[in-house]
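Visitor:
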Amino acid sequence: MEYAFLALLAIYALYKLKQQSNKIRDLEHQVSNVYLFLNTLSVPIFVKDKNGFYIECNEAFLNIVEKDKKDILNTKNTDEEMLYSLHEEMDKELLKKDNINYKEIFLLKSHKPHMYEFFKSSLTDSNGNYSGYICVMIDVTDHEKQENQLQWEAHQEVEKNKTILKKHEDDKLASAKFTAIGQLAAGITHEINTPLTYIKGNLEMIKMDFDDLPKDLPVKKQMFEYVDEMEVGIDRIATIVSSMREMSKQKEIGKSRKNIYTTLITSLIMSYNRSKQICDIYINGEMFTLESPKDKFEFYADIQDQRIEQAWIIIINNALDELQKKPNFIDRKFNINISEKSSQIKIEFKDNGGGIPENIMDDLFEPFISGKPESGIGLGLSIAKRILDEQNATINAYNESNGAVFEIIIDAS
Amino acid sequence: MKKIAIIDDEVQITTMIEKFLKRDGKYSVSTYNNPLSALSSLSSDTDVVLLDIMMPQMNGLELLEKLMEKYPNIKIIMMTAYSTLDKVLDAHRYGAENYIMKPFSSMSVITDKIEAITK
């Protein structure tokens with residue numbers, strides 16, 4: 000409001016000046032007549048002749064350029080005005096129009112830039128020819144800041160909505176992919192299991208036949224060894240296929256009471272192909288192998304086992320990514336502990352892979368935050384967190400002993 | 000001697016189970032690789048049927064329903080290499096006594112289940 004009033008006042012002054020310009024021939028004389036009036040205004044005002052030389056200005060203008068009047072008058076610019084040529088370009092418009100106004104930064108070498116709105120109005124001599132202009136400068140820096148802030152906030156809001164929309168689309172895509180993979184896995188599982196059944200069964204019967212051979216037959220022991228080796232291989236295939244089968248189950252609608260320890264073992268089996276090349280993994284102090292029983296410990300909670308297994312696999316893979324950076328297999332440590340206290344199950348994944356960088360610690364579970372600039376896109380842990388949220392579990396991460404700890408708490412049932 | 004029928008479209012599976020069951024001479028075994036021929040020619044004095052869930056022409060659940068209708072006294076054990084237990088639960092609702100997952104953890108699981116339901 001204050002600016003508008005000042006602008007009106009200045010325009011009124013301009014109007015008076017123009018009225019006078021018809022009566023008084025000399026432009027400098029015209030200006031000096033209103034000089035006292037100009038000085039009463041707190042906004043910077045100056046007058047230039049048709050060649051661009053300052054011929055008058057008020058105190059407010061002298062204050063912002065920090066010059067004496069004598070140093071300005073009859074010069075084209077204040078020497079410190081950085082955008083002089085830009086203003087000069089705008090002034091050419093006044094040859095075509097009576098009034099122009101525009102916003103521009105008024106930049107002096109020694110000051111912070113301020114944004115002004117320049118109201119320029121042409122002056123004419125007694126013959127009606129262009130003889131210069133008068134300019135009123137209104138400081139709109141704060142106003143611009145507010146406007147920019149509003150624009151920035153609006154932009155942020157739009158970006159946020161875009162991110163949410165993208166997340167929904169990604170979720171839908173991930174869900175469709177998972178369904179397709181699930182169906183594919185179910186089909187493959189069935190096709191592998193059938194031949195596996197008669198290979199395994201026949202091998203068992205070969206052993207029965209070997210067993211019937213005379214005890215002292217030299218080749219008997221060796222044949223048993225061969226068959227035992229084959230059985231180890233077949234059992235391994237059967238275990239992996241069985242886990243694949245468990246992972247590919249259709250998404251269960253409701254939660255049910257499941258052993259969290261079993262879900263951990265299933266996830267470790269699924270990750271084994273990778274983990275065996277990186278490090279040994281210990282669960283509750285015992286080294287995990289494909290033969291580890293799935294129900295050695297019992298920690299029951301109401302969960303969707305298939306969903307929670309996905310979260311475990313993400314966390315396990317993240318730890319393996321970090322551990323892989325250590326050159327020696329023997330130096331890599333990865334421990335998983337599961338315990339229960341006061342009806343709460345605590346699962347800890349601890350590695351010694353160097354820990355989580357401090358700069359991403361606060362936003363670790365936000366999408367697109369990654370500690371692996373060379374490979375990660377930062378979605379894994381945000382998905383894991385979302386899954387765990389669905390299961391009413393909490394997840395926290397911190398660094399300890401040169402490594403990361405992911406701690407998950409879930410209510411026991 | 001208990002009469003066992005094995006119905007599975009995979010010849011290798013029926014042959015293997017037949018050989019296993021005949022080893023000790025405790026069982027009389029017939030095998031079928033086609034569900035329709037099993038339905039038409041299964042002997043009514045069969046004690047136990049080992050029935051695969053996934054078969055062409057007629058799936059195991061349909062055949063189960065028809066067998067239960069035709070031979071209400073026959074005990075049926077479902078076999079599945081499928082990825083979920085949903086079908087097994089359906090089979091149980093239709094009257095199947097038990098189920099075995101493929102691959103079998105051990106061949107003896109077959110005889111254990113047969114003995115358990117024919118005591």
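Chains Z and C, in that order, give the protein sequences. Per numbering that gives the first Met the number 0, the first sequence runs over residues 0 to 412. Per numbering that gives the first Met the number 0, the second sequence runs over residues 0 to 118. Ideal Cβ positions, reconstructed from N, Cα and C, are used throughout, including at glycine.
State yes or no: is the C-beta of C:Glu-96 within less than 8 Å of the C-beta of C:Ile-76?
Guide: Against a cut-off of 8 Å, the Cβ pair of C:Ile-76 and C:Glu-96 comes out as a contact.
Visitor: Going by the CB atoms, is the gap between C:Ile-113 and C:Ile-99 shorter than 8 Å?
Guide: In this structure, C:Ile-113 does not lie closer than 8 Å to C:Ile-99 by Cβ.
Visitor: Please work out which residues of its chain come closer than 8 Å, Cβ to Cβ, to Z:Ile-259, disregarding the five sequence neighbours upstream and downstream, and give them in chain order.
Guide: Once the five neighbours on either side are set aside, the close Cβ partners of Z:Ile-259 are Phe-298, Tyr-299, Ala-300, Ile-302, Ile-307, Ile-337, Ile-344, Ile-346 and Ile-409.
Visitor: Can you look up Z:Ser-274 in the DSSP assignment and give me helix, strand or coil?
Guide: Z:Ser-274 falls in the helix class under three-state DSSP.
Visitor: Which two residues bound the contiguous alpha helix (DSSP H) that contains Z:Lys-324?
Guide: Note, Z:Lys-324: premise wrong, no alpha helix (DSSP H); not H, not E.
Visitor: For Z:Thr-265, which three-state DSSP category applies?
Guide: Note: Z:Thr-265 maps to helix in three-state DSSP.
Visitor: How far does the alpha helix (DSSP H) with Z:Asn-98 in it extend, from its first residue to its last?
Guide: Where Z:Asn-98 is concerned, there is no enclosing alpha helix (DSSP H), although the beta strand (DSSP E) it sits in stretches over 98-105.
Visitor: If you follow the beta strand (DSSP E) that Z:Ala-396 is part of, which residue opens it and which one closes it?
Guide: Segment 393-399, the beta strand (DSSP E) holding Z:Ala-396.
Visitor: Following the continuous alpha helix (DSSP H) through Z:Met-360, name the residue where it begins and the one where it ends.
Guide: It spans 357-360 - the alpha helix (DSSP H) in which Z:Met-360 sits, taken as one unbroken run.
Visitor: Based on the DSSP secondary-structure assignment, which residues constitute the bridge partners of Z:Glu-285?
Guide: In the DSSP output, where bridge partners are listed per residue, Z:Glu-285 has Z:Ile-282.
Visitor: Give, in chain order, every residue of the segment 9-35 of chain C whose Cβ lies closer than 9 Å to some Cβ of chain Z.
Guide: The residues in question are Glu-9, Gln-11, Ile-12, Thr-14, Met-15, Ile-16, Lys-18, Phe-19 and Arg-22.
Visitor: Can a CB atom of chain Z be found closer than 8 Å to the CB of C:Lys-101?
Guide: Chain Z, which has a Cβ nearer than 8 Å to the Cβ of C:Lys-101, makes this yes.
Visitor: Taking the alpha-carbon positions, what's the Z:Lys-214 to Z:Phe-223 distance?
Guide: In a straight line, the C-alpha of Z:Lys-214 is about 12 Å away from that of Z:Phe-223.
Visitor: Check this for me: beta carbons of C:Val-48 and C:Ile-6, under 8 Å apart or not?
Guide: Result yes, Cβ atoms of C:Val-48 and C:Ile-6 sit closer than 8 Å.
Visitor: So Z:Tyr-197 contacts chain C; which residues on that side make the cut at Cβ distance below 7 Å?
Guide: By Cβ distance, chain C contributes Gln-11, Ile-12 and Met-15.
Visitor: Closer than 8 Å, CB to CB, is Z:Glu-203 near chain C or not?
Guide: Yes, because at least one Cβ of chain C sits closer than 8 Å to the Cβ of Z:Glu-203.
Visitor: Determine the DSSP secondary structure at Z:Thr-123, reduced to helix, strand or coil.
Guide: Three-state DSSP puts Z:Thr-123 in a strand.
Visitor: My output table needs one value for Z:Glu-339: the three-state DSSP class, helix, strand or coil.
Guide: Three-state result, Z:Glu-339: strand.
Visitor: Any beta carbon of chain Z sitting closer than 8 Å to that of C:Met-53?
Guide: By this cut-off, C:Met-53 is an interface position.
Visitor: Grab me the residues of Z:Ile-314's own chain with a C-beta within less than 7 Å of its C-beta, minus the 5 sequence neighbours each way, in chain order.
Guide: Only Phe-348, Ala-383 and Phe-405 meet the Cβ criterion.
Visitor: Hey, how far is the Cα of Z:Gln-249 from the Cα of Z:Thr-178?
Guide: For Z:Gln-249, the pLDDT reaches just 48, beneath the cut-off of 50, and the residue's location in the model is therefore unreliable, although a value from the coordinates is still provided. Cα to Cα, the separation comes out at about 7 Å.
Visitor: How would you write the range of the beta strand (DSSP E) that Z:Gly-131 sits in, first residue to last?
Guide: 129-138 is the span of the beta strand (DSSP E), which, as asked, contains Z:Gly-131.
Visitor: For Z:Glu-251, count neighbouring C-beta atoms within 10 Å of its own C-beta (all shown protein chains included) and say buried if the count is 16 or more, exposed if not.
Guide: Only weak support is given to the placement of Z:Glu-251: the predicted model assigns it a pLDDT of 48, under 50, and the value that follows is read from those uncertain coordinates. The residue is exposed, with fewer than 16 neighbouring Cβ atoms inside 10 Å.
Visitor: So, helix, strand or coil for Z:Thr-188, using DSSP?
Guide: Helix, per DSSP.
Visitor: If you draw a straight line from the C-alpha of Z:Ala-411 to the C-alpha of C:Ser-39, how long is it?
Guide: Computed Cα separation, rounded: 53 Å.
Visitor: Taking any Cβ of chain C, which residues in the segment 153-180 of chain Z have a Cβ under 7 Å from it, in chain order?
Guide: Answer in chain order: no residues at all.
Visitor: So which residues on chain Z does C:Met-77 lean against when the C-beta distance must stay under 7 Å?
Guide: What C:Met-77 touches in chain Z: nothing, since even the nearest Cβ is about 14 Å away.
Visitor: To the nearest angstrom, how far is the alpha carbon of Z:Ser-374 from that of Z:Leu-322?
Guide: Note that Z:Ser-374 has pLDDT 48, beneath the 50 cutoff, so the model's placement of it is unreliable and the number below is only indicative. Each residue's Cα considered, the two are about 15 Å apart.
Visitor: Quick check: the Cα distance between Z:Lys-413 and Z:Ile-180, rounded to an integer number of angstroms?
Guide: The requested residue 413 of chain Z is not part of the displayed model; chain Z covers only 0 to 412.
Visitor: Mind checking whether Z:Val-240 and Z:Asn-201 have CB atoms under 8 Å apart?
Guide: Contact: no.
Visitor: What residues in its chain sit with their C-beta under 6 Å from that of Z:Lys-49, if we drop five residues either side in the sequence?
Guide: Answer for Z:Lys-49: Tyr-129, Ser-130 and Gly-131, listed in chain order.
Visitor: Per DSSP, C:Leu-49 forms a beta bridge with which residues?
Guide: Looking at the DSSP assignment, C:Leu-49 forms a beta bridge with C:Ile-5 and C:Ile-76.
Visitor: Which residues does DSSP pair with C:Ser-107 in a beta bridge?
Guide: Answer is none; C:Ser-107 lacks a bridge partner.
Visitor: Helix, strand or coil: which one does DSSP assign to C:Met-100?
Guide: Looking at C:Met-100 - three-state DSSP - the assignment turns out to be strand.
Visitor: What is the C-beta distance between C:Met-106 and Z:Met-204, in whole angstroms, given that I count them as a contact (C-beta under 8 Å)?
Guide: With a Cβ gap of about 7 Å, C:Met-106 and Z:Met-204 count as contacting.
Visitor: Take Z:Leu-94 and list the residues in its own chain whose beta-carbon comes closer than 7 Å to its own, dropping the five residues that flank it on each side.
Guide: Excluding positions up to five away in sequence, the list reads Tyr-129.
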